[in-house]
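One structure is given here, and the rest of the page talks about it.
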Amino acid sequence: MSAPHLRRPADSELRREWSEVGENELRLDPEAAAVVIEDVNRCLSGLYILFNQLRKHYWTVEGAEFRQVEQRLRDRADRLSDLTDDLAIRVHALGGVPVNGPMGIREHAPMQIEAGDVYGVRDALANDLDGYATLAVVFREAIETALEVGDERTVETLQEGLLAIEQDAHAVERYLGDDSL
Numbered sequence: 001m002s003a004p005h006l007r008r009p010a011d012s013e014l015r016r017e018w019s020e021v022g023e024n025e026l027r028l029d030p031e032a033a034a035v036v037i038e039d040v041n042r043c044l045s046g047l048y049i050l051f052n053q054l055r056k057h058y059w060t061v062e063g064a065e066f067r068q069v070e071q072r073l074r075d076r077a078d079r080l081s082d083l084t085d086d087l088a089i090r091v092h093a094l095g096g097v098p099v100n101g102p103m104g105i106r107e108h109a110p111m112q113i114e115a116g117d118v119y120g121v122r123d124a125l126a127n128d129l130d131g132y133a134t135l136a137v138v139f140r141e142a143i144e145t146a147l148e149v150g151d152e153r154t155v156e157t158l159q160e161g162l163l164a165i166e167q168d169a170h171a172v173e174r175y176l177g178d179d180s181l
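The UniProt record's numbering puts the first residue of the sequence shown at 1, with every later residue one more than the last.
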């Protein structure tokens, strides 16, 4: 029998439960904040999934142009990591708990997690492109929600992230051109 995977500190140490949205210093209504947090947590979950997928492809890429592809994958994963930090900090500022851990990520996942197998570089990049496309849709939905409740700072953060996602998707698209790879 395996050991339990979750460590639970004493209740006296708990500041906020996973599903709870508390008051926030931003003075955004907690009910409005909860709706934004739900959407941003979907974005975070997708970012975690795509980050890990890009890292796997970085670790396993092979072929004539592997050094160039490897560097691009590493750079894009780093960019997703920075965006994840920005959004997680925003969720906390809104009075929520950012999605974290495998169960939370799976619960909010806007996309399927790629199997643990190793794929050829074209198939791997095609899967990455699909992940970027899904993330772009989820980000647009979250932007719309944040606009509806008047959360301009979250809108700005999400728009910056959407721009990065679209730029990275375009770069992957170019790699998948007929005469490359």
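For each residue, glycine too, the CB sits at the ideal point set by N, CA and C.
Nothing here was measured: the structure is a model prediction, and the numbers come from that model.
Suppose you measure from the CA of residue i to the CA of residue j; what does that come to, to the nearest Å?
{"i": "LEU162", "j": "VAL155", "result": "10 angstroms"}
{"i": "ASP75", "j": "ARG42", "result": "23 angstroms"}
{"i": "LEU125", "j": "PRO98", "result": "28 angstroms"}
{"i": "ALA171", "j": "GLY46", "result": "19 angstroms"}
{"i": "VAL149", "j": "GLY177", "result": "41 angstroms"}
{"i": "ALA115", "j": "LYS56", "result": "10 angstroms"}
{"i": "GLN167", "j": "ASN52", "result": "19 angstroms"}
{"i": "ASN24", "j": "ALA93", "result": "6 angstroms"}
Report the CB separation of residue i from residue j in whole angstroms; it is logged as a contact under 8 angstroms.
{"i": "PHE21", "j": "GLY95", "result": "The sequence given here has Val at residue 21, not Phe. Going by Cβ atoms, the distance from VAL21 to GLY95 rounds to 5 angstroms, so yes, they are a contact pair."}
{"i": "TYR58", "j": "LEU80", "result": "Not confirmed; about 12 angstroms, so no contact."}
{"i": "THR157", "j": "LEU87", "result": "6 angstroms"}
Out of the options, which one is the CA nearest neighbour of residue i?
{"i": "PRO30", "options": "ALA146, ARG174 and THR157", "result": "ALA146"}
{"i": "SER19", "options": "LEU44, GLU25, ILE49 and GLY104", "result": "GLY104"}
{"i": "PRO110", "options": "GLY116, GLU38 and LEU26", "result": "GLU38"}
{"i": "GLY131", "options": "LEU28, ASP82, GLY116 and ILE49", "result": "ILE49"}
{"i": "VAL118", "options": "PHE51, LEU26 and GLU62", "result": "GLU62"}
{"i": "ARG153", "options": "GLU23, ARG90, LEU135 and GLU107", "result": "ARG90"}
{"i": "ASN127", "options": "ILE113, VAL40, PHE139 and ALA136", "result": "ILE113"}
{"i": "ALA69", "options": "GLY120, PRO102 and ALA32", "result": "For the record, residue 69 in the displayed sequence is Val; it is not Ala. Here the closest residue by C-alpha is GLY120."}
Measure from the C-beta of residue i to each C-beta in chain B and report whether the shortest distance is under 8 angstroms.
{"i": "ASP29", "result": "Absent here is chain B; the protein component of the structure consists of one chain."}
In the structure shown, what three-state DSSP assignment does residue i receive?
{"i": "LEU162", "result": "helix"}
{"i": "GLY131", "result": "helix"}
{"i": "GLN167", "result": "helix"}
{"i": "GLN112", "result": "coil"}
{"i": "ASP82", "result": "helix"}
{"i": "LEU26", "result": "coil"}
{"i": "ASP117", "result": "coil"}
{"i": "ALA64", "result": "coil"}
{"i": "ASP75", "result": "helix"}
{"i": "GLU152", "result": "helix"}
{"i": "LEU94", "result": "coil"}
{"i": "GLY176", "result": "The amino acid occupying residue 176 in the given sequence is Leu; Gly does not appear at that position. Three-state DSSP puts LEU176 in coil, outside helix and strand."}
{"i": "GLU20", "result": "coil"}
{"i": "ASN100", "result": "coil"}
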